[in-house]
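This report refers to the structure that appears directly beneath it.
Structural data, given as structure tokens:
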């Protein structure tokens, strides 16, 4: 009976201490990317031109890799003194991000919001972002930083976690944590560390 109890304790201990996420994905190495690219043209003074420049900047901030980028809106001008809702499309390589823009006057200035259901991510950009936040340059410096295979370039839903994950071990932790990635239509993708239980 003591032998069965010992085997049960060993099995329970092995299951409880097993690192289920160790070794998943491919190693993440220092990226060759330097910073976040910006549109190749200067923002003009007109309101519509400034909106287009900002939307191109958002897509480039999400993709994090400079590629041919252009934009256009379904209206040719915007005075800024009347409320308006319209669409603007940012083309990145052959992919398109469609924003719905709501502009409204605000004294001598104007305000606007722009939302898109999808945005663009790139493999190079995601790996560089993970490295920046959790690799050697970061304060966290996760050990054994690895990621699942990302597509070269993809149009993905915003505010939803990607199917692909990254993994690493936080300082002082025995078990590997996973890193979830949720793209945004306004900023770089959001990263969150989930500890293994």
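In our numbering, the protein residues as written are 1 to 197.
Glycine is no exception: its CB is placed at the ideal position from the N, C-alpha and C atoms.
Item, Value
"Does residue 137 come out as helix, strand or coil in the three-state DSSP assignment?", "coil"
"Anyone know if the C-beta pair for residue 109 and residue 77 falls short of 9 Å?", "no"
"Which parts of the region 11 to 64 are runs of the alpha helix (DSSP H), unbroken and 4 residues or longer, counting only runs that do not cross its ends?", "47 to 63"
"Of all the options 52, 114, 172 and 178, which has the alpha carbon lying nearest to the alpha carbon of residue 42?", "52"
"Please work out which residues of its chain come closer than 6 Å, Cβ to Cβ, to residue 149, disregarding the five sequence neighbours upstream and downstream, and give them in chain order.", "none"
"If you reduce the DSSP assignment to three classes, tell me which class residue 174 lands in.", "coil"
"Report the three-state DSSP secondary structure of residue 129 (helix, strand or coil).", "helix"
"Exposed or buried, residue 189, counting other C-beta atoms within 10 Å across all chains shown (16 or more means buried)?", "buried"
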